[in-house]
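So the sequences go chain by chain: X and F.
Residues 0 to 246 in numbering that gives the first Met the number 0 are what the first sequence lists, from first letter to last.
Residues 0 to 246 in numbering that gives the first Met the number 0 are what the second sequence lists, from first letter to last.
The beta carbon of each residue, even a glycine, is placed where N, CA and C say it ideally should be.
Note sheet for the following structure.
Protein chains: 2
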Amino acid sequence: MLCHNGVIASDVIPRRRDRVRIETRAEIKRLAWTQIAQEGADALSLRAVAREMGMTSSALYRYFESKEQLLDALAVEAFGSLADTLEEVERRAHDDELEAGPRFMAITCAYRQWAVEHPTEYRLMFGVPVADLDDRNEATKAEMYRGVAVLTRCMAVGVAEGSIQPAPLAIAQAERLAGRLQMWSDRDDLHLPAEALAACMFTWTQLHGAISLELFSHLPTPVYPADDLFEYLMGEVLRALGVHPRL
Amino acid sequence: MLCHNGVIASDVIPRRRDRVRIETRAEIKRLAWTQIAQEGADALSLRAVAREMGMTSSALYRYFESKEQLLDALAVEAFGSLADTLEEVERRAHDDELEAGPRFMAITCAYRQWAVEHPTEYRLMFGVPVADLDDRNEATKAEMYRGVAVLTRCMAVGVAEGSIQPAPLAIAQAERLAGRLQMWSDRDDLHLPAEALAACMFTWTQLHGAISLELFSHLPTPVYPADDLFEYLMGEVLRALGVHPRL
DNA sequence: CTCGAGTCAAGAGCATTGTTCATTTTGTGA
DNA sequence: TCACAAAATGAACAATGCTCTTGACTCGAG
């Protein structure tokens, strides 16, 4: 689509046309973000974006097939940004040779930090952009699991070195759950025991629940700002994982 | 507004006018629900509702000031429905003299059950219906905390009888957090120690995070259906609260 | 019984939206 | 220079939320 002929653009100097094309796409997304930040995701108006660019609204459709597709692209960007910061934190934690507890804390706090600094993005990512959820963009899922992968790796390292010792699956339905987690592990080549994956889910759901309630102003007002609450919650998760927080 | 004169309507036979008024309001809400269930919350069209009622769209504005206000009313209804079922479960658990663990499980599973059976409602409740979140309808908040109150009472009873023993707040910022939780307890006359309220938040965030990720199809596909995962998560929460699940 | 205040609904209308389509302009490679 | 493809236009369609005016209806007080 980008190149009108069959030449692959990657190993050749990008033509000027393609450059400005990418740039316009970026500008559209940029303006869309600022508009979303002010009025919320579903108040985004393609016409307003076009207006602000000095374009006609119909011209936008050369760059994005529909409003929904634009929102999808924005969601991919947002998930990507979150994943980038998490990976960066992971790298630094590795360089600094942090122990399991502090490493876990660094990652989860960075997760929340990003969400607090990008509330609009977070809402777009996790607040149903579209009606049909199951057939979301594959790119969206990929970027999303790039972020979750940092969590699973954190678990993997901790379990491997013995600093994290998740409790065995002890509920009545443990068999079925273990099977499902195993399927997940196989599909994504995670090479993690079911216990570790379960612990990862435990962390993620706690993480997301806390952040989501905080961002959507559902927490009782006295607990705001919620930094302390969040740190406590993550400490509890650590305890449940058999790690003593703040050792 | 409902009564044109100063008479309080509660201790007098409701006038016919008021009856049909309430009924129309109810019908509007009913139709709005079915429409939301099909197409999602932001695809709700007042005109379509009016059309289906054989009315003009402008007539609707005699019953709801705006689309936003209608959505607010729906959210109140939804929160109320959730709170009702939770209170019902609480009552049954009390009658059956359940122990702390099973009682906790009954309540949290009922919470999820409701969410799974009313996904559209749940999205409307927790998925930012409006832009400004801080000045939400007071009625909305009230109905919402009526549901949360079931959780806090569950904690209160458990702590009182010693079956729930939440760990002391041990993080560095414990002082501040405890103060905030105390403020919350005072404001709502909960008469609960900070530890119990912290445990309650731990439960609620976990609960909401798990349900929200499940409903919004963010969990990795192999773990669906997520009943087993949810039960495991709640079991872990119980463990963290010092209660042995499935005792 | 009558009349007037209060209520309800209709219908036209405004500003706005997403999206399409035929047309024109513009840039670029040969 | 020229032809062709990409880019941008402007008009149009169908739909939305919401307002305003205008005409009916209800119902209780005089």
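Local conformation of glutamate 137 of chain F per DSSP, three classes
Here residue 137 of chain F corresponds to residue number 138 of the second sequence, with the count starting at 1. Helix, per DSSP.
Closer than 8 Å is the cut-off here; do at least three beta carbon pairs connect the segment 199-211 of chain F with the segment 141-157 of chain F?
Contact holds: three or more Cβ-Cβ distances are below 8 Å.
How do the segment 174-193 of chain F and the segment 230-241 of chain F stand: do at least 3 beta-carbon pairs fall below 8 Å, yes or no?
Short answer: they don't touch.
Report yes or no: do three or more beta-carbon pairs, one from the segment 217-227 of chain F and one from the segment 174-183 of chain X, lie closer than 8 Å?
Flag = yes, the segment 217-227 of chain F and the segment 174-183 of chain X touch.
Going along the chain, which residues of its own chain have a beta-carbon closer than 7 Å to the beta-carbon of alanine 49 of chain X, five neighbours each way excluded?
Here residue 49 of chain X is taken as the residue at index 50 of the first sequence, counted from 1. Only residues of its own chain outside the window of five on either side were considered, and among them Thr55, Ser56, Ala58, Leu59 have a CB closer than 7 Å to the CB of alanine 49 of chain X, listed in chain order.
Quick check: is the beta carbon of threonine 204 of chain X nearer than 9 Å to any beta carbon in chain F?
Mapped onto the first sequence, residue 204 of chain X falls at position 205. Flagged as an interface residue toward chain F: threonine 204 of chain X, by a C-beta distance shorter than 9 Å.
Leucine 212 of chain F CB to nearest heavy atom of the ligand SAM below 8 Å:
Only the bare structure without any ligand can be found here, which leaves the ligand SAM out of the picture.
Is there a Cβ of chain X sitting closer than 9 Å to that of tryptophan 32 of chain F, yes or no?
Position 33 of the second sequence, counted from the first residue, corresponds to residue 32 of chain F. For tryptophan 32 of chain F, no CB of chain X lies under 9 Å from its own CB, so it is not counted at the interface with that chain.
Exposed or buried, which one is alanine 169 of chain X when buried takes at least 16 other CB atoms within 10 Å?
Working through the first sequence from its first residue, we reach residue 169 of chain X at position 170. The residue in question, alanine 169 of chain X, is exposed, as its Cβ has fewer than 16 Cβ neighbours within 10 Å.
DSSP state of threonine 33 of chain X mapped onto helix, strand, coil
Position 34 of the first sequence, counted from the start, is the residue given in the question as residue 33 of chain X. Residue state, collapsed to three classes: helix.
Give the residues from the segment 151-172 of chain F that approach chain X closer than 8 Å (Cβ to any Cβ), ordered along the chain.
Against chain X - using a Cβ distance shorter than 8 Å - the residues of the segment 151-172 of chain F are Ala166, Leu168, Ala169, Ile170, Ala171, Gln172.
For phenylalanine 78 of chain X, which residues in the same chain have their Cβ closer than 7 Å to its Cβ, ignoring the five residues on either side in sequence?
Along the first sequence, one-based indexing puts residue 78 of chain X at 79. If we look at phenylalanine 78 of chain X and ignore the five residues flanking it on each side, its Cβ neighbours are Met124, Thr139, Glu142, Met143, Gly146.
Specify the secondary structure class of leucine 240 of chain F as computed by DSSP and reduced to three states.
Here residue 240 of chain F refers to the residue found at position 241 when the second sequence is read from its first residue. Here leucine 240 of chain F sits in coil by DSSP.
Roughly how many angstroms lie between the CA atoms of arginine 91 of chain X and histidine 117 of chain F, to the nearest whole one?
Counting from one through the first sequence, the residue named residue 91 of chain X turns up at place 92. Counting from one through the second sequence, the residue named residue 117 of chain F turns up at place 118. Rounded to the nearest whole angstrom, the CA to CA distance from arginine 91 of chain X to histidine 117 of chain F is 43 Å.
Kindly give me the distance between the Cβ atoms of aspartate 47 of chain F and glutamine 37 of chain F, rounded to whole angstroms, as I take these residues to be in contact under 8 Å.
Here residue 47 of chain F corresponds to residue number 48 of the second sequence, with the count starting at 1. Here residue 37 of chain F corresponds to residue number 38 of the second sequence, with the count starting at 1. Looking at the sequence itself, residue 47 of chain F is alanine, so the reference to aspartate does not match. Actually they do not touch by this definition, with Cβ atoms about 10 Å apart.
Straight-line CA distance for leucine 132 of chain F to tryptophan 203 of chain X?
Numbered from its first residue, the second sequence carries residue 132 of chain F at position 133. Numbered from its first residue, the first sequence carries residue 203 of chain X at position 204. Bear in mind that a pLDDT of 49 at leucine 132 of chain F, under 50, signals an unreliable position, so the number given afterwards is only what the model happens to contain. The straight-line gap from Cα to Cα measures roughly 24 Å.
Interface partners of glutamate 142 of chain F on chain X, CB under 7 Å:
Locating residue 142 of chain F in the second sequence gives position 143, counting from the first residue. Within chain X, no residue has its beta carbon less than 7 Å from that of glutamate 142 of chain F; the closest one is some 12 Å off.
Every unbroken alpha helix (DSSP H) within the segment 161-223 of chain F, with a cutoff of 4 residues, ordered by chain
Taken in chain order, the complete alpha helix (DSSP H) segments of 4 or more residues contained in the segment 161-223 of chain F are 173-186, 193-214.
Just curious, the alpha helix (DSSP H) that arginine 91 of chain F is in, first and last residue?
Within the second sequence, residue 91 of chain F is the residue found at index 92, counting from 1. In the DSSP annotation of this structure, the continuous segment of the alpha helix (DSSP H) that includes arginine 91 of chain F starts and ends at 66-94.
For phenylalanine 103 of chain X, the first and last residue of its enclosing alpha helix (DSSP H)
On the first sequence, residue 103 of chain X is found 104 positions in, with the first residue counted as 1. Boundaries of the alpha helix (DSSP H) harbouring phenylalanine 103 of chain X: 99-116, taken from the DSSP string.
Comparing alpha-carbon positions, which option in F:Tyr223, F:Glu160, F:Gly161, F:Thr23 lies nearest glycine 53 of chain F?
Position 54 of the second sequence holds residue 53 of chain F. F:Thr23 is the residue among F:Tyr223, F:Glu160, F:Gly161, F:Thr23 whose C-alpha sits nearest the C-alpha of glycine 53 of chain F.
Run through chain F and tell me which residues come within less than 8 Å of arginine 238 of chain X, C-beta to C-beta.
The residue you call residue 238 of chain X lines up with position 239 of the first sequence. Within 8 Å Cβ-Cβ: Ala166, Ala239.
Kindly indicate if chain F contains any beta-carbon less than 9 Å away from that of leucine 228 of chain X.
As a first step, residue 228 of chain X is located in the first sequence; it is residue number 229 there, counting from the start. The C-beta of leucine 228 of chain X comes closer than 9 Å to at least one C-beta of chain F.
Threonine 107 of chain F burial status per 10 Å Cβ neighbour count (16 or more: buried):
As a working mapping, residue 107 of chain F is identified with position 108 in the second sequence. A residue is called buried when at least 16 other Cβ atoms come within 10 angstroms of its Cβ; threonine 107 of chain F meets this threshold and is buried.
Mind pulling the chain X residues with CB within less than 7 Å of methionine 182 of chain F?
Working through the second sequence from its first residue, we reach residue 182 of chain F at position 183. Ordered by position in chain X, the residues that pass the 7 Å Cβ test against methionine 182 of chain F are Pro221.
For tyrosine 62 of chain X, which option in X:Leu45, X:Ser216, X:Pro192 has the closest C-alpha, if you only look at C-alpha atoms?
Residue numbering aside, residue 62 of chain X sits at position 63 when the first sequence is read from its first letter. Among X:Leu45, X:Ser216, X:Pro192, the Cα nearest to that of tyrosine 62 of chain X belongs to X:Leu45.
For glutamate 235 of chain X and chain F, any beta-carbon pair shorter than 9 Å?
Residue numbering aside, residue 235 of chain X sits at position 236 when the first sequence is read from its first letter. Under the 9 Å criterion on CB atoms, glutamate 235 of chain X is classed as interfacial with respect to chain F.
Taking glycine 208 of chain X and glycine 126 of chain F to be in contact with their CB atoms under 8 Å, please state how far apart those CB atoms are, rounded to whole angstroms.
The count along the first sequence starts at 1 and reaches residue 208 of chain X at position 209. The count along the second sequence starts at 1 and reaches residue 126 of chain F at position 127. In fact, because the Cβ distance is near 14 Å, the residues do not count as touching under 8 Å.
Give the DSSP-derived three-state secondary structure of tyrosine 259 of chain X in the structure shown.
The structure shown does not extend to residue 259 of chain X, since chain X spans only 0 to 246, so no value can be given for it.
Residue range of the unbroken alpha helix (DSSP H) whose run includes leucine 45 of chain X:
Within the first sequence, the letter at position 46 stands for residue 45 of chain X. Per DSSP, leucine 45 of chain X belongs to the alpha helix (DSSP H) from 45-52.
At least one CB of chain F closer than 9 Å to the CB of phenylalanine 201 of chain X: is that the case?
For the purposes of this step, residue 201 of chain X is taken as residue 202 along the first sequence, with counting starting at 1. It does; some Cβ of chain F falls within 9 Å.
Going along the chain, which residues of its own chain have a beta-carbon closer than 7 Å to the beta-carbon of glutamine 205 of chain X, five neighbours each way excluded?
Counting from one through the first sequence, the residue named residue 205 of chain X turns up at place 206. The beta carbon of glutamine 205 of chain X sits closer than 7 Å to the beta carbons of Leu232, Val236 from its chain, once the five residues preceding and following it are set aside; these are given in chain order.
Along the chain, where does the alpha helix (DSSP H) that runs through alanine 58 of chain X open and close?
Residue numbering aside, residue 58 of chain X sits at position 59 when the first sequence is read from its first letter. It spans 56-59 - the alpha helix (DSSP H) in which alanine 58 of chain X sits, taken as one unbroken run.
Identify each residue in the segment 106-126 of chain X for which the Cβ-Cβ distance to at least one residue of chain F is less than 8 Å, and report them in chain order.
Residues passing the 8 Å Cβ filter: Arg122, Phe125, Gly126.
Under three-state DSSP, which class holds tyrosine 62 of chain X?
Position 63 of the first sequence, counted from the first residue, corresponds to residue 62 of chain X. DSSP, read as helix, strand or coil, puts tyrosine 62 of chain X in coil.
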